[in-house]
Amino acid sequence: MIRIIDSRSAEADQFIDKLDRRGQFENPEILHTVSQILKAVQEKGDQAVIDYTQQFDSTQVSVENLRVTGAEFDQAQQIVDNDFLISIRKAKANIQKFHQRQVRQSWISTEEYGVILGHLIRPLDRVGVCVPAVSQLLVSSLLMNVLPPQVVGVREIAIFMGPQPNGTIDPHMLVAASECNTREIYKCGGAQAVAAMAYGTKSIQRVDKIVGPGNPYVQQAKRQVMGLVDIDKIAGPSEVLVIADGKANPSYVAADLISQAEHGVDSSAILVTTSQTLAQAVKSQIQIQAERLPRQVEIVGSFNNYGVALVVEDLDQAVELANRIAPEHLGLVVQDPYAILGCIRNAGAIMVGEYTPESVGDYIAGPNHILPTGGTARFASPLSVDDFIKKTSLIQYTQSALNQIGSSVIKLAETEGLAGHATAIAIRQS
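Here is the structure:
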């Protein structure tokens, strides 16, 4: 499965170039299909949403049962076990606590001549959340997308997830939403859900922002409605890069690589190590561990497509490669991780030490697991409370302040040829 490559070789450069190109090209078939779905929902509303949901997910969904009812929430509570509830509540508490520390405060200051300036923080009114719930039950993604807007006071949060073939939503997803005090859930996913959020229908009120993961059709739909509504990011396949030295435990490193590879055949799992011996041991461990796991097709496909162990001369070169690749998840499994931490510029989340598997960050540590992918960690950040606020400037001038600064404003306006701007100052000085 995983290949071992000298990082100085042409093969290593070819692999990184392949990784860079992975998200650069849009599939014309997906683009066309999504455009048709968006147009249909815009024109036909609920009926188009139902038609596509019946086509792709379940024939049991209708306009009448599109929204999850109170009875369905109650039934779900009777099905899930207590251990699940305990786990959800632990994760919720940690995620809330972490995101509460991110909250910004409005400020207003009084300047010279009585000028008042301010920076006002306001939450969005309504957010729509995409949550995969059919092929994979991403309960953790529901928490990560719903709790941050709640922390900053978003009043309305609507969740959209594809139904099971029998027309229901998995009870674990309903209980997780209920634990987050969010009970507006619609039984539709895919591009049709994105369209409903962006345009609104008779049954579904449009939102201000769309967040959450999804397949390439969901991501393309988000791309096409961006500007009409805000979106979080265009999410690509999962990624992990682990920097490890010769002292690392190969079974731990292999498990961390597999934990991201199992997401799908387009996921990338990269080891960067100073030790050829460790690379060989990790390769053996991947083979052993993968054979015990149910998602072997995804794991093997991922390692065959985007799995590699890059052997470097030293940790400086390892850091250089990590910054070049800018991974979604970066693991530091070295003797002194904090010696190189300050040199890491590009990563979505950094897991430090051998007892910090990526799984901890994915589920329960507290930081958000909605991370930049496809090299976008060079300029993008994890989902945070900042994604659910608006920042408004406040300005108030007094007559004396305007008299002090007015001539400069008039000069700048006249330089730009905007006489009306200049007049708005001059008329107050006459």
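Residues in the sequence shown are numbered from 13 upward in steps of one, following the working numbering.
Ideal Cβ positions, reconstructed from N, Cα and C, are used throughout, including at glycine.
Owing to the predicted nature of the structure, the values given are computational and were not obtained by experimental measurement.
Of the residues Val139, Pro249, Val223, Leu154, which one's Cα is nearest the Cα of glutamate 191?
Translated into positions along the sequence shown, residue 191 becomes position 179. Comparing Cα-Cα distances from glutamate 191 to each of Val139, Pro249, Val223, Leu154, the minimum goes to Leu154.
Within the chosen definition, does the segment 216-227 reach the segment 142-160 through at least 3 CB pairs nearer than 8 Å?
Touching, per the Cβ criterion.
Residue range of the alpha helix (DSSP H) that isoleucine 417 falls in?
Against the sequence shown, residue 417 aligns to sequence position 405. Taken as a continuous stretch (DSSP letters only), the alpha helix (DSSP H) holding isoleucine 417 covers 411-427.
Using a Cβ distance threshold of 8 Å, determine whether the segment 403-421 contacts the segment 173-182, with at least three qualifying pairs required.
Touching, no.
Assess contact between the segment 333-344 and the segment 358-378, defined as three or more Cβ pairs (one per stretch) separated by less than 8 Å. Is contact present?
Yes: at least three Cβ pairs fall under 8 Å.
For the alpha helix (DSSP H) containing serine 74, name the first residue and the last one.
Position 62 of the sequence shown, counted from the start, is the residue given in the question as residue 74. Unbroken run through serine 74: none, as it is neither H nor E.
Where DSSP assigns a beta bridge to valine 141, which residues make up the other side?
Translated into positions along the sequence shown, residue 141 becomes position 129. Ile171, Val223, per the DSSP bridge assignment.
Within 9 Å, strictly: CB atoms of leucine 353 and valine 364
Residue mapping note: residue 353 aligns to position 341 of the sequence shown, counting from 1. Residue mapping note: residue 364 aligns to position 352 of the sequence shown, counting from 1. Taking 9 Å as the cut-off, the beta carbon of leucine 353 is found closer than this to the beta carbon of valine 364.
Those runs of the beta strand (DSSP E) which lie wholly inside the segment 185-255 and span at least 3 residues:
As far as the segment 185-255 is concerned, its whole beta strand (DSSP E) runs of at least 3 residues are 221-223.
Range of the contiguous beta strand (DSSP E) that encloses valine 364
Looking up residue 364 in the sequence shown gives position 352. Boundaries of the beta strand (DSSP E) around valine 364: 361-364.
First and last residue of the alpha helix (DSSP H) that includes alanine 392?
Within the sequence shown, residue 392 is the residue found at index 380, counting from 1. Counting along the chain, alanine 392 falls outside any alpha helix (DSSP H), and DSSP gives it neither H nor E.
What are the complete beta strand (DSSP E) segments, minimum 3 residues, inside the segment 91-164?
The qualifying runs are 119-122, 128-135, 138-142.
Residues near valine 324 in its chain [Cβ-Cβ closer than 8 Å; skip 5 each side]:
As a first step, residue 324 must be located in the sequence shown, where it is residue number 312. The beta carbon of valine 324 is closer than 8 Å to those of Ser19, Val284, Thr285, Thr286, Ala330, Leu333 in its chain, skipping five residues each way along the sequence.
Contact check, glutamate 274 vs isoleucine 311, beta carbons under 9 Å
The sequence position of residue 274 within the sequence shown is 262, counting from 1. The sequence position of residue 311 within the sequence shown is 299, counting from 1. At the C-beta level, glutamate 274 and isoleucine 311 come within 9 Å of one another.
Endpoints, alpha helix (DSSP H) assigned at valine 277
The residue given as residue 277 occupies position 265 in the sequence shown. Membership of valine 277 in any alpha helix (DSSP H) is not indicated, and neither H nor E is assigned to it by DSSP.
Can you tell me whether alanine 207 is buried or exposed, with buried defined as 16 or more other CB within 10 angstroms of its CB?
Stepping through the sequence shown from its first residue, residue 207 is reached at position 195. Alanine 207 comes out buried.
Any idea if aspartate 348 is buried or exposed, counting beta-carbon neighbours within 10 angstroms, 16 or more meaning buried?
Here residue 348 corresponds to residue number 336 of the sequence shown, with the count starting at 1. Its Cβ having fewer than 16 others within 10 Å, aspartate 348 is exposed.
Quick one: using the 10 Å Cβ neighbour count with 16 as the cut-off for buried, is tyrosine 367 buried or exposed?
The sequence position of residue 367 within the sequence shown is 355, counting from 1. With fewer than 16 other Cβ atoms within 10 Å, it is exposed.
Rounded to a whole number of angstroms, what is the C-alpha to C-alpha distance between valine 320 and glutamine 26?
Along the sequence shown, one-based indexing puts residue 320 at 308. Along the sequence shown, one-based indexing puts residue 26 at 14. Straight-line measurement puts the Cα of glutamine 26 at about 12 Å from the Cα of valine 320.
Could you tell me the distance, in whole angstroms, from the CA atom of lysine 295 to the CA atom of arginine 15?
For this step, residue 295 is matched to residue 283 along the sequence shown. For this step, residue 15 is matched to residue 3 along the sequence shown. For lysine 295 and arginine 15, the distance between alpha carbons rounds to 8 Å.
Helix, strand or coil for serine 263 per DSSP?
Numbered from its first residue, the sequence shown carries residue 263 at position 251. DSSP places serine 263 in the helix class (H, G or I) of the three-state scheme.
Taking all protein chains shown into account, decide if lysine 30 is buried (16 or more other Cβ within 10 angstroms of its Cβ) or exposed.
By 1-based counting over the sequence shown, the position of residue 30 is 18. Classification of lysine 30: exposed, given that the 10 Å Cβ count is below 16.
Are glutamine 416 and leucine 129 closer than 9 Å when you measure CB to CB?
Within the sequence shown, residue 416 is the residue found at index 404, counting from 1. Within the sequence shown, residue 129 is the residue found at index 117, counting from 1. Against a cut-off of 9 Å, the Cβ pair of leucine 129 and glutamine 416 comes out as no contact.
Buried/exposed call for isoleucine 382, threshold 16 Cβ in 10 Å:
By 1-based counting over the sequence shown, the position of residue 382 is 370. Buried: at least 16 other Cβ atoms inside 10 Å.
Specify the secondary structure class of threonine 65 as computed by DSSP and reduced to three states.
Taking the first residue of the sequence shown as 1, we reach residue 65 at position 53. Helix, per DSSP.
Going by DSSP in three states, histidine 341 sits in which element: helix, strand or coil?
Residue numbering aside, residue 341 sits at position 329 when the sequence shown is read from its first letter. The answer is strand: DSSP assigns histidine 341 an E or B state.
Tell me whether valine 309 is buried or exposed, calling it buried when 16 or more other Cβ atoms sit within 10 Å of its Cβ.
In the sequence shown, counting from the first residue as 1, residue 309 sits at position 297. Exposed is the label assigned to valine 309, since fewer than 16 other Cβ atoms lie within 10 Å of its Cβ.
Strictly by DSSP, which residues pair up with leucine 322?
Here residue 322 refers to the residue found at position 310 when the sequence shown is read from its first residue. DSSP output for leucine 322 lists Ile17, Val284 as bridge partner(s).
Would threonine 81 be called buried (16 or more neighbouring beta carbons within 10 Å of its own) or exposed?
Start at 1 with the first residue of the sequence shown, and residue 81 comes out as number 69. Around the C-beta of threonine 81, fewer than 16 other C-beta atoms lie within 10 Å, and the residue is accordingly described as exposed.
Between aspartate 220 and threonine 213, what straight-line distance do the alpha-carbon atoms span, to the nearest angstrom?
Counting from one through the sequence shown, the residue named residue 220 turns up at place 208. Counting from one through the sequence shown, the residue named residue 213 turns up at place 201. Each residue's Cα considered, the two are about 14 Å apart.
Extent of the continuous alpha helix (DSSP H) to which leucine 31 belongs
Walking along the sequence shown from the start, residue 31 turns up at place 19. Here the alpha helix (DSSP H) through leucine 31 covers 22-33.
Tell me where the alpha helix (DSSP H) around serine 47 begins and ends.
In the sequence shown, counting from the first residue as 1, residue 47 sits at position 35. Taken as a continuous stretch (DSSP letters only), the alpha helix (DSSP H) holding serine 47 covers 40-56.
Buried versus exposed call for glutamine 89 [16 or more other C-beta atoms within 10 Å across all chains shown]:
Locating residue 89 in the sequence shown gives position 77, counting from the first residue. Classification of glutamine 89: exposed, given that the 10 Å Cβ count is below 16.
Assess contact between the segment 128-147 and the segment 420-439, defined as three or more Cβ pairs (one per stretch) separated by less than 8 Å. Is contact present?
No, they do not touch.
Could you check whether the segment 253-266 touches the segment 385-402, counting it as contact only if at least three pairs of C-beta atoms, one from each stretch, sit closer than 8 Å?
Between the segment 253-266 and the segment 385-402, the count of C-beta pairs closer than 8 Å stays below three; the two stretches do not touch.
Evaluate threonine 388 with the Cβ neighbour count: other Cβ atoms within 10 Å of its Cβ, from every protein chain shown; 16 or more gives buried, anything less gives exposed.
For the purposes of this step, residue 388 is identified with residue 376 of the sequence shown, where counting begins at 1. Counting of Cβ neighbours within 10 angstroms places threonine 388 among the buried residues, the total reaching 16 or more.
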